[in-house]
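Under my numbering, the first residue of the sequence shown is numbered 963, with each subsequent residue one higher.
Below you'll find the structure, written out as structure tokens, and then a few comments.
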Amino acid sequence: MFKAIKNFVYKNEKYLSPGAITFGFIFDNLTLRRIDLWVENFVIAFYLALSLFSIFVLNFFHAGYLKHRYFRKTDAFLSIVLQFSFGALFSAFFIFYFRSSSIIASWSFLVLLIGLLIGNEFFRDKYKQLSFQLSIYFILFFSYSVFLVPLVTKKIDDFSFIYSNVFSISFILSILLILYKLFPKRLLLNIRSITVSIFFIIFTFNFFYYFNIIPPIPLSLKSAELVHSVKHNGGIYEIEYEKSIFPLGSKSKKRYSWVEGEPVYLFASIFAPTKISVEIFHKWYFFDETNSEWTLRSSIPYQVIGGRDGGYRGYSYKYSLQEGLWMVDITNTRGQSLGSRKFRIVAVEDTPDLTKEEW
């Protein structure tokens, strides 16, 4: 029976590859919940271990160490396993990074991840190349270490990203050393392209981080609502807002009916992993139509304490308002954006009908 399965895989490799990628993406969407749960991290570690195992066995075969006819068909099978693992990891990381991102600020990084996920099928012929295997693996491992280190150290700062660099580079160098011990000729034939790829990947991640393009993972914005009042009673927040007519997206309207002299509130829920505490800023911007630019009017900080499934609830409010287009950008201390909320203030004489809700 096992022989029949191997023959089926070998004959239908080109059809099974896209199916494996699709299955991996759907599986991750259904199973991944919180970035700090051990189950999610176990799944990611399993895929990383499985793909690394596949890389080693495939290169044993291509280096001529596994000459038995049994391994000829195993080669095709392991290529699909490797492609499935890579596809599952790219989909998992896209899900986590997307949850942590502001599309406006991080679109290029997200496009890179989704491009690699979709392009995984078109790279099928390159899976026999050691340099390609290691390059994709390094991208995935680096992507994981960016949020794994803060989960371990319980800190989100520049040093965490530096440690992610050190951890990722040390790990890939260890792999290269092992590969050199096992089949030096094959590694040396690919060492130039591998070295260029590794340096380019390191540069790209650091470039994206320096310019705040990488999302502030493992933080994520769960919701952000424009409200007319916020009352805190024990562990419950009671908010009042103008309800949006659209069933999807934000609950509150983008057009804010403002009575002069009253404040506008931005109520937000931000997820942070357990035992992590970070400072968050609500940056209030007004759009200057004369100069066609956003001007910062207020930057209001507060502390977010991690661990709550629905996210830590907090809010800011602002007086000294005027009619026009506004935006509240929610960022961390280094300016990485978790998300933003644009709205237009329209002056009215009386407070409109409001919806009450408890959080």
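For each residue, glycine too, the CB sits at the ideal point set by N, CA and C.
Keep in mind that this is a model prediction, so the values were computed, not measured.
ask   = Along the chain, where does the alpha helix (DSSP H) that runs through residue 1000 open and close?
value = Taking the sequence shown and counting its residues from 1, one reaches residue 1000 at position 38. Note, residue 1000: alpha helix (DSSP H), 1000–1024.
query = How should residue 1050 be labelled, buried or exposed, when 16 other C-beta atoms within 10 angstroms of its C-beta is the threshold for buried?
reply = Here residue 1050 refers to the residue found at position 88 of the sequence shown. Buried is the call here.
key: Alpha carbon of residue 1282 to alpha carbon of residue 1070, nearest angstrom   = Sequence index remark: in the sequence shown, residue 1282 carries index 320 (1-based). Sequence index remark: in the sequence shown, residue 1070 carries index 108 (1-based). Looking at the two C-alpha atoms, the distance is approximately 36 Å.
ask   = Taking residue 1185 as the reference, which of 1260, 1175, 1228, 998 has the closest Cα?
value = Translated into the one-based positions of the sequence shown, residue 1185 becomes position 223. For residue 1185, the nearest C-alpha among the options comes from 1228.
query = Is it right to say residue 1146 is buried, meaning 16 or more other beta carbons lie within 10 angstroms of its own, or is it exposed?
reply = Mapped onto the sequence shown, residue 1146 falls at position 184. Looking at its Cβ environment, which holds fewer than 16 other Cβ atoms inside 10 Å, residue 1146 is exposed.
key: Residues bridged to residue 1293 (per DSSP)   = One-based indexing of the sequence shown puts residue 1293 at position 331. In the DSSP output, where bridge partners are listed per residue, residue 1293 has 1243, 1299.
request  = Would you mind reading off the limits of the alpha helix (DSSP H) that contains residue 1144?
outcome  = For the purposes of this step, residue 1144 is identified with residue 182 of the sequence shown, where counting begins at 1. From DSSP, the alpha helix (DSSP H) with residue 1144 extends over 1120–1144.
Alpha-carbon to alpha-carbon, residue 1181 and residue 1061 = Counted from its first residue, the sequence shown places residue 1061 at position 99. Counted from its first residue, the sequence shown places residue 1181 at position 219. If I take the Cα positions, the gap works out to 8 Å.
query = In whole angstroms, what is the alpha-carbon distance linking residue 1226 and residue 1191?
reply = For the purposes of this step, residue 1226 is taken as residue 264 along the sequence shown, with counting starting at 1. For the purposes of this step, residue 1191 is taken as residue 229 along the sequence shown, with counting starting at 1. Using only the alpha carbons, I get a separation of about 8 Å.
task = Starting from residue 1109, follow the alpha helix (DSSP H) in both directions and report where the run begins and ends.
result = To locate residue 1109, count along the sequence shown from 1; it is residue 147. From DSSP, the alpha helix (DSSP H) with residue 1109 extends over 1092–1115.
request  = Please confirm whether residue 1188 and residue 1199 have their CB atoms less than 8 Å apart.
outcome  = The residue given as residue 1188 occupies position 226 in the sequence shown. The residue given as residue 1199 occupies position 237 in the sequence shown. Not closer than 8 Å, so no.
ask   = Considering only the beta carbon of each residue, do residue 997 and residue 1178 sit closer than 8 Å?
value = What you label residue 997 is simply residue 35 of the sequence shown in a count that begins at 1. What you label residue 1178 is simply residue 216 of the sequence shown in a count that begins at 1. No, the pair does not count as a contact, with Cβ atoms beyond the cut-off.
request  = Taking residue 1307 and residue 1218 to be in contact with their CB atoms under 8 Å, please state how far apart those CB atoms are, rounded to whole angstroms.
outcome  = Here residue 1307 refers to the residue found at position 345 when the sequence shown is read from its first residue. Here residue 1218 refers to the residue found at position 256 when the sequence shown is read from its first residue. Indeed, because the Cβ distance is near 5 Å, the residues count as touching under 8 Å.
ask   = Leaving out the 5 sequence neighbours to the left and right, which residues in its chain are closer than 6 Å to residue 1134 when beta-carbon positions are compared?
value = Stepping through the sequence shown from its first residue, residue 1134 is reached at position 172. The residues are 1100.
message = Whole angstroms are fine: how far does the CA of residue 1196 sit from the CA of residue 1271?
response = Within the sequence shown, numbered from 1, the residue matching residue 1271 stands at position 309. Within the sequence shown, numbered from 1, the residue matching residue 1196 stands at position 234. Roughly 18 Å separates the two Cα atoms.
request  = Measure from the alpha carbon of residue 1245 to the alpha carbon of each residue in 1279, 999, 1254, 1008, then state which is nearest.
outcome  = Here residue 1245 refers to the residue found at position 283 of the sequence shown. Among 1279, 999, 1254, 1008, the Cα nearest to that of residue 1245 belongs to 1279.
task = Would you kindly work out how many angstroms separate the C-alpha atoms of residue 1292 and residue 1173, rounded to a whole number?
result = The sequence position of residue 1292 within the sequence shown is 330, counting from 1. The sequence position of residue 1173 within the sequence shown is 211, counting from 1. Their Cα atoms are separated by approximately 16 Å.
task = With a threshold of 16 other CB atoms inside 10 Å of the CB of residue 1288, please say whether the residue is buried or exposed.
result = Taking the sequence shown and counting its residues from 1, one reaches residue 1288 at position 326. So residue 1288 counts as buried.
ask   = Can you tell which of 1301, 1312, 1151 has its C-alpha closest to the C-alpha of residue 1059?
value = Position 97 of the sequence shown, counted from the start, is the residue given in the question as residue 1059. Taking only the C-alpha atoms, the option nearest residue 1059 is 1301.
task = For the beta strand (DSSP E) containing residue 1230, list its first residue and its last residue.
result = Working through the sequence shown from its first residue, we reach residue 1230 at position 268. Residue 1230 -> beta strand (DSSP E) spans 1226–1233.
inquiry  = Helix, strand or coil, according to DSSP, for residue 1154 in the structure here?
reply    = Mapped onto the sequence shown, residue 1154 falls at position 192. Note: residue 1154 maps to helix in three-state DSSP.
message = If distances are taken between C-alpha atoms only, which option among 1151, 1273, 1240, 1127 comes closest to residue 1169?
response = Translated into the one-based positions of the sequence shown, residue 1169 becomes position 207. Nearest of 1151, 1273, 1240, 1127 to residue 1169, Cα basis: 1127.
message = Excluding the 5 residues flanking residue 1055 on each side, which residues of the same chain have their C-beta closer than 8 Å to its C-beta?
response = Here residue 1055 refers to the residue found at position 93 when the sequence shown is read from its first residue. For residue 1055, where only same-chain residues beyond five positions count, the Cβ hits under 8 Å are 1075, 1102, 1105, 1106.
Counted within 10 angstroms of its Cβ, other Cβ atoms place residue 1286 as buried (16 or more) or exposed = Numbered from its first residue, the sequence shown carries residue 1286 at position 324. Residue 1286 comes out exposed.
ask   = Roughly how many angstroms lie between the CA atoms of residue 1262 and residue 1019, to the nearest whole one?
value = Position 300 of the sequence shown, counted from the start, is the residue given in the question as residue 1262. Position 57 of the sequence shown, counted from the start, is the residue given in the question as residue 1019. In a straight line, the C-alpha of residue 1262 is about 54 Å away from that of residue 1019.
query = How would you write the range of the beta strand (DSSP E) that residue 1268 sits in, first residue to last?
reply = To locate residue 1268, count along the sequence shown from 1; it is residue 306. Premise fails: residue 1268 is in no beta strand (DSSP E) and is neither H nor E.
query = Leaving out five residues before and five after residue 1269 in sequence, what residues of the same chain have Cβ atoms less than 6 Å from its Cβ?
reply = Counting from 1 along the sequence shown, the entry for residue 1269 is found at position 307. Cβ within range, chain order: 1236.
Nearest to residue 1008 (by Cα), restricted to the options 1257, 1046, 1041, 1156 = Against the sequence shown, residue 1008 aligns to sequence position 46. The option with the nearest alpha carbon to residue 1008 is 1046.
query = Since residue 1183 is in the beta strand (DSSP E), which residue starts that stretch and which ends it?
reply = As a working note, residue 1183 is residue 221 in the sequence shown. Taken as a continuous stretch (DSSP letters only), the beta strand (DSSP E) holding residue 1183 covers 1182–1189.
query = Relative to the alpha-carbon of residue 1194, which residue among 1038, 1276, 1077 has its alpha-carbon at the smallest distance?
reply = Counting from one through the sequence shown, the residue named residue 1194 turns up at place 232. For residue 1194, the nearest C-alpha among the options comes from 1276.
ask   = Taking the C-alpha atoms as reference points, what is the distance between residue 1052 and residue 1096?
value = Start at 1 with the first residue of the sequence shown, and residue 1052 comes out as number 90. Start at 1 with the first residue of the sequence shown, and residue 1096 comes out as number 134. Between residue 1052 and residue 1096, the C-alpha separation is close to 15 Å.
task = May I have the straight-line CA-CA distance separating residue 1319 from residue 1233, to the nearest angstrom?
result = Residue 1319 sits at position 357 when you count from the first residue of the sequence shown. Residue 1233 sits at position 271 when you count from the first residue of the sequence shown. Rounded to whole angstroms, residue 1319 to residue 1233 spans 20 Å at the Cα level.
task = Below 6 Å CB to CB, which residues in the same chain sit around residue 1254 once its five sequence neighbours on both sides are set aside?
result = Looking up residue 1254 in the sequence shown gives position 292. No residues qualify anywhere along the chain.
Residue 1276 - DSSP class collapsed to helix/strand/coil = Within the sequence shown, residue 1276 is the residue found at index 314, counting from 1. Note: residue 1276 maps to strand in three-state DSSP.
key: Proximity below 8 Å, CB of residue 1120 to CB of residue 1303   = Residue numbering aside, residue 1120 sits at position 158 when the sequence shown is read from its first letter. Residue numbering aside, residue 1303 sits at position 341 when the sequence shown is read from its first letter. No; because the gap between Cβ atoms is not below 8 Å, this pair is not in contact.
request  = List the DSSP bridge partners of residue 1319.
outcome  = Residue numbering aside, residue 1319 sits at position 357 when the sequence shown is read from its first letter. Residue 1319 is bridged to 1201.
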